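A.B. asks: Using our numbering, the letters of the sequence shown map in sequence onto residues 1468 to 1546.
Every residue, glycine too, gets a C-beta built ideally from N, C-alpha and C.
Model, not experiment: these values are computed from the prediction.
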Amino acid sequence: MAKRRTKLTKVTAALPDAIDLTKLKSGNTLEIKIWRGDELLGTLSMGRGSVEWWPKGNKTNSFRKRWQAFAEILEEKMG
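#1: Here's the rule I'm using: 16 or more other beta-carbon atoms within 10 Å means buried, otherwise exposed. How should V1478 be labelled?
#2: Along the chain, where does the alpha helix (DSSP H) containing A1538 start, and where does it finish?
#3: Within this structure, are the beta carbons of E1519 and L1511 separated by less than 9 Å?
#4: Please report the Cβ distance between A1480 and E1498, rounded to the nearest whole angstrom; I am assuming they are in contact, meaning their Cβ atoms lie under 8 Å.
#5: Based on DSSP bridge pairs, tell me the residues matched to S1517.
#6: Cβ atoms of R1533 and G1516: under 9 Å apart, would you say?
Right, here's the structure in full:
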């Protein structure tokens, strides 16, 4: 039987020395790129007010939720 090769998932984040996500309208975001092998799966952006998921190749539509709504979605999926 042939051995199946699995692609590794790689997560990269560009981090400055310090990032303050709590300042209102500071423009600070934490951006995390998610890769599977050489393929970009998407980008997760986190800021003071919300979290966004940008699928690969998508420049206009993201899945954006305020932190409270995002937490509720995660709790619903876990329960």
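C.D. replies: From the atom records:
#1: As a first step, residue 1478 is located in the sequence shown; it is residue number 11 there, counting from the start. Flag for V1478 reads exposed.
#2: Taking the sequence shown and counting its residues from 1, one reaches residue 1538 at position 71. Per DSSP, A1538 belongs to the alpha helix (DSSP H) from W1534 to M1545.
#3: As a working mapping, residue 1519 is identified with position 52 in the sequence shown. As a working mapping, residue 1511 is identified with position 44 in the sequence shown. Cβ distance < 9 Å, so E1519 and L1511 count as in contact.
#4: Along the sequence shown, read from residue 1 onward, the residue named residue 1480 stands at position 13. Along the sequence shown, read from residue 1 onward, the residue named residue 1498 stands at position 31. With 8 Å as the limit, A1480 and E1498 qualify as a contact, their Cβ atoms being about 7 Å apart.
#5: Indexing the sequence shown from 1 puts residue 1517 at position 50. Answer is R1533.
#6: Here the question's residue 1516 lines up with position 49 in the sequence shown. Here the question's residue 1533 lines up with position 66 in the sequence shown. Against a cut-off of 9 Å, the Cβ pair of R1533 and G1516 comes out as a contact.
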